[in-house]
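Trainee: In the working numbering, the protein residues as written are 3 to 350. Don't be surprised by glycine CBs; every beta carbon is placed ideally from N, CA and C. These numbers were taken from a predicted model, which means no experiment stands behind them.
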């Protein structure tokens with residue numbers, strides 16, 4: 003749920019995006035978002051009007067010079083590959099089963115053998131399973147083998163332990179909703195200043211999602227096309243709330259909530275999809291053989307809670323519970339009471 007304070011910011015007076023008022027807002031948001039990425043002054047952020055996938059497409063089309071190593075173990079790792087394929091980008095695809103942990107040794111073996119690779123692309127938190135991937139370890143390999151490191155942190159930012167400096171991330175993408183608790187509509191890219199320079203001579207493959215154009219305009223505190231101005235107001239307030247809470251405290255709070263959900267659902271007899279590498283933001287739970295996803299979804303929605311179905315091969319086999327947004331411990335306990343009642347009513 004989006005906090006009421008954030009929603010109220012959507013009612014700010016209209017301003018022209020070419021005026022100083024918007025430039026000031028853009029600069030303010032850009033400085034605040036650095037704190038969430040745990041970035042230093044060597045990093046610079048740009049914003050596109052679009053979903054997180056817009057940011058993914060932006061860096062795929064703008065940053066890969068010759069050949070990329072794409073590491074996937076779920077729906078959004080495969081989305082990286084799909085986008086690259088559309089742009090006819092040469093990809094070495096290290097593909098695992100959904101929910102299978104990434105083996106860092108596999109990654110290093112490919113980097114040793116495939117000298118044509120110039121970039122590594124992967125997902126921090128694979129939303130389709132709720133698994134956190136070994137970004138820190140692969141970031142060390144990216145630095146050792148001198149590869150551009152591109153990371154999807156859309157479900158990880160302000161949820162799991164994202165740190166672009168520690169993990170040697172060249173470009174990290176996120177969106178204004180999810181862990182940031184603002185409204186959807188803004189795609190965010192946090193990149194190293196010297197990495198922007200490294201891609202400066204790569205031929206443009208996209209007009210709207212040309213990262214260099216956004217970088218050049220952001221240096222002038224502007225955007226190349228009309229932005230969703232009100233979404234910036236909302237994000238600014240969401241960042242104020244996050245910074246006031248402190249990023250580390252939010253991560254710990256979400257971790258506590260998800261541990262509570264996993265513990266209680268396990269005690270009730272539900273089986274989790276994963277054994278380890280849990281996200282702090284989303285938990286995947288196997289659907290019992292004695293009922294369907296629709297029965298669980300409809301029952302809980304009637305109680306005021308919305309769950310998500312699995313994607314791809316996990317569709318109708320799992321349901322997902324997220325603690326991102328304006329949720330407190332009281333809400334978690336109310337949800338768990340609803341699940342206990344559901345278990346009795348549906349005879350699970």
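Can you tell me the Cα-Cα spacing of residue 185 and residue 54, whole angstroms?
Mentor: Spanning the two alpha carbons is a distance of roughly 12 angstroms.
Trainee: Which residues in the same chain have their Cβ closer than 8 angstroms to the Cβ of residue 288, if we skip the five residues on either side of it in sequence?
Mentor: Answer for residue 288: 272, 273, 274, 275, 319, 320, listed in chain order.
Trainee: Residue 64 and residue 163 look like a contact to me (Cβ under 8 angstroms); what is the Cβ gap, rounded to whole Å?
Mentor: About 27 angstroms separates the two Cβ atoms, so there is no contact after all.
Trainee: Looking at the structure shown, is residue 174 part of a helix, part of a strand, or coil, going by DSSP?
Mentor: Reduced to three states, the DSSP call for residue 174 is strand.
Trainee: Going by the C-beta, is residue 157 closer than 6 angstroms to any heavy atom of the ligand ADP?
Mentor: Inclusion of the ligand ADP in the displayed structure is not the case, the ligand content being empty and no account of it being possible.
Trainee: Let me confirm a value: residue 44 is counted as buried when at least 16 other C-beta atoms fall within 10 Å, else exposed. Which label applies?
Mentor: Residue 44 should be labelled exposed.
Trainee: Using only CA atoms, which one of 286, 146, 143, 125 lies nearest to residue 98?
Mentor: The candidate whose alpha carbon is nearest that of residue 98 is 125.
Trainee: Give the list of continuous alpha helix (DSSP H) stretches no shorter than 4 residues that lie fully inside the segment 37-92.
Mentor: For the segment 37-92, whole alpha helix (DSSP H) runs of length 4 or above, ordered along the chain, are 54-65, 77-88.
Trainee: Which ranges would you report for the alpha helix (DSSP H) in the segment 129-160 if only whole runs of at least 4 residues count?
Mentor: Counting whole runs of 4 or more residues, the segment 129-160 contains the alpha helix (DSSP H) stretches 137-146.
Trainee: For residue 310, which three-state DSSP category applies?
Mentor: If DSSP states are grouped into helix, strand and coil, residue 310 belongs with the strands.
Trainee: Taking the alpha-carbon positions, what's the residue 166 to residue 42 distance?
Mentor: Residue 166 and residue 42: Cα-Cα distance of roughly 9 angstroms.
Trainee: Closer than 6 angstroms by C-beta to residue 11: which residues in its own chain qualify, once you throw out the five before and the five after it? Chain order, please.
Mentor: Correct list, in chain order: 235, 236, 239.
Trainee: What residue range does the alpha helix (DSSP H) around residue 194 cover?
Mentor: Residue 194 -> not in any alpha helix (DSSP H); beta strand (DSSP E) instead, spanning 188-194.
Trainee: Between which residues of its own chain and residue 341 is the CB-CB distance below 6 angstroms, once the five residues before and five after are set aside?
Mentor: Taken in chain order, the list of residues that qualify is empty.
Trainee: Given a cut-off of 7 angstroms, decide if residue 77 and residue 2 are closer than it, judged by their beta-carbon atoms.
Mentor: Absent from the structure is residue 2, since the part of the chain shown begins at 3 and ends at 350.
Trainee: For residue 188 versus residue 158, is the C-beta spacing smaller than 7 angstroms?
Mentor: In this structure, residue 158 does not lie closer than 7 angstroms to residue 188 by Cβ.
Trainee: Below 6 angstroms CB to CB, which residues in the same chain sit around residue 285 once its five sequence neighbours on both sides are set aside?
Mentor: Answer for residue 285: 132, 260, 263, 264, 323, listed in chain order.
Trainee: Can you find a CB in chain B that lies within less than 7 angstroms of the CB of residue 102?
Mentor: The structure shown contains no chain B; it holds only a single protein chain.
Trainee: Can you round the beta-carbon distance between residue 301 and residue 48 to whole angstroms, since I take them to be within the 8 angstroms contact cut?
Mentor: With a Cβ gap of about 43 angstroms, residue 301 and residue 48 do not count as contacting.
Trainee: Which residue's Cα is closest to the Cα of residue 206: 28, 60, 39?
Mentor: The shortest Cα separation from residue 206 among 28, 60, 39 belongs to 60.
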